[in-house]
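For reference, the structure is listed below as structure tokens.
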Amino acid sequence: MSILLIGRWTWAGHLEITESHAVEDGDQDAIRKLVDGHDIGELFAAEFLVDDHKDAVQRAYEEYVADDGAELIDEVEGFEPAVV
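Here it is, written out as structure tokens:
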């Protein structure tokens with residue numbers, strides 16, 4: 030299993046996570062169905078090969094946010110990633 034995080038980039042450049050889904054590793058059909066219908070403009074969607082939401086959020090922070098000086102806002106569980 031892996032975790033698909035869906036969210037958006039805010040006007041201030043922060044990443045806001047609004048959905049979290051467990052999916053089979055690499056199941057592109059399931060991922061496509063979950064992403065379809067979202068506004069593509071500022072969409073963020075990424076699959077992480079981890080077992081839980083918190084690990085996925087931490088990875089998203091490390092891979093997409095930390096180097097830019099932005100924040101990651103987890104609207105799903107309110108998890109605050111550790112600053113690395």
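Using my numbering, the first residue of the sequence shown is number 30, and each one after it goes up by one.
Glycine included, C-beta positions come from ideal geometry on N, C-alpha and C.
Excluding five sequence positions before and after A75, the CB atoms of its chain that fall closer than 7 angstroms to its own CB belong to L34, A89, given in chain order. Here DSSP, grouped into helix, strand and coil, assigns A75 to strand. V112 and E91 have their C-alpha atoms some 8 angstroms from each other. Secondary structure of I35 (DSSP, three-state): strand.
Taking a 10 Å sphere around the C-beta of Q87, we find 16 or more other C-beta atoms and assign the residue as buried. Linking S31 to H82 through their CA atoms gives a straight-line distance of about 9 angstroms. Remark: C-beta atoms of H50 and I102 do not approach each other more closely than 9 angstroms.
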